[in-house]
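Participant:
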Amino acid sequence: MSVEEESEVLALEALSKAPAASQLAEPLDYIFAEHFRQRVLCNALDEIADQERPDHQLIKAVLRFLRVDFAPHMQDEEHDLFPLLRKRAEPEDRVDDVIGQLTQEHAADRLDAKLITEGLAKVLAGKTTTGAKSSLGKLLHRFAENERNHLTLENAVVLPLARVRLTADDLQNMAMQMAARRGVELSNAD
Numbered sequence: 009m010s011v012e013e014e015s016e017v018l019a020l021e022a023l024s025k026a027p028a029a030s031q032l033a034e035p036l037d038y039i040f041a042e043h044f045r046q047r048v049l050c051n052a053l054d055e056i057a058d059q060e061r062p063d064h065q066l067i068k069a070v071l072r073f074l075r076v077d078f079a080p081h082m083q084d085e086e087h088d089l090f091p092l093l094r095k096r097a098e099p100e101d102r103v104d105d106v107i108g109q110l111t112q113e114h115a116a117d118r119l120d121a122k123l124i125t126e127g128l129a130k131v132l133a134g135k136t137t138t139g140a141k142s143s144l145g146k147l148l149h150r151f152a153e154n155e156r157n158h159l160t161l162e163n164a165v166v167l168p169l170a171r172v173r174l175t176a177d178d179l180q181n182m183a184m185q186m187a188a189r190r191g192v193e194l195s196n197a198d
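In terms of my numbering, the numbers along the sequence shown are unbroken and rise by one, the last being 198.
1) With H, G and I counted as helix, E and B as strand and the rest as coil, what does DSSP make of R96?
2) What is the residue span of the alpha helix (DSSP H) that N249 lies within?
3) For V165, which residues in the same chain have their Cβ closer than 7 Å to its Cβ, ignoring the five residues on either side in sequence?
4) Output yes or no for whether 8 Å exceeds the beta carbon distance between F40 and N163.
5) Based on Cα-Cα distance, which residue from Q185, K146 and R61 lies nearest to T137?
6) Within the region 46 to 96, note down every full alpha helix (DSSP H) run reaching 4 residues or more, in order along the chain.
7) What three-state label does DSSP hand A28 in the structure shown?
8) For the region 124 to 135 against the region 95 to 105, are there 3 or more C-beta pairs whose distance is under 8 Å?
9) Which two residues bound the contiguous alpha helix (DSSP H) that contains R190?
10) Where does the unbroken alpha helix (DSSP H) through G127 begin, and where does it stop?
11) Given a cut-off of 8 Å, decide if L144 and A69 are closer than it, judged by their beta-carbon atoms.
12) Do L119 and L53 have their beta-carbon atoms positioned less than 8 Å apart in this structure?
13) Ignoring anything shorter than 3 residues or poking outside the region 136 to 175, list the beta strand (DSSP E) runs there in chain order.
14) Helix, strand or coil for M182? Go by DSSP, reduced to three states.
15) How would you call L32, buried or exposed, if buried means at least 16 neighbouring beta carbons within 10 angstroms?
16) Can P35 and A183 be called in contact, C-beta distance under 8 Å?
17) D178 and R96 - do their beta-carbons sit closer together than 8 Å?
18) In whole angstroms, give me the CA-to-CA distance for P91 and L66.
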């Protein structure tokens, strides 16, 4: 198997397989694992955007991720992580601006994800093509770049601050909410 083929297999697996449900017991680690999957998504979107002949298997994996896993992750942050961090942060942490920016970016991400899923569905149906100069290709590249910047801010600022500020009870409650969002009982999260 070539390096390119092996890389694609790993990307397909990362996009198709959520972190183990047992990892929900450590919600910040789970979010970090989801961020890795989103970085894989960004790479896949860039790859699809540049393809002359679309890789249908990769497109299907991207569509599955966007339709199934993307929204719950944003809900984890907006409904659990961000409110808890606002509650626990010290004034010198100045998290309101960062969280406000990330929340606005989530709103844009939702719109872009909808356009991307519609566009990629048309590619699969043979109704449009990809390519770096196509409007879909430009959207895929823009989304990937924006998402990478977003993830950098979350990984470099939000998650480290959450590890310092959130209490054990906060993390347990967050874990329960995230598990419920996925239809998983935390005690049986394997």
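Beta carbons are placed, not taken as given, at the ideal position from N, Cα and C, and that holds for glycine. Owing to the predicted nature of the structure, the values given are computational and were not obtained by experimental measurement.
Facilitator: Quick answer:
1) helix
2) Lying before the first or after the last residue shown, residue 249 is absent from the chain, which here runs from 9 to 198.
3) V106
4) yes
5) If we check each option's Cα against that of T137, R61 comes out closest.
6) 64 to 72, 78 to 83 and 90 to 96
7) coil
8) Judged by pairs of C-beta atoms under 8 Å, the region 124 to 135 does not touch the region 95 to 105, as fewer than three such pairs exist.
9) Run containing R190: none; DSSP gives neither H nor E here.
10) V103 to L132
11) no
12) no
13) none
14) helix
15) buried
16) yes
17) yes
18) Each residue's Cα considered, the two are about 35 Å apart.
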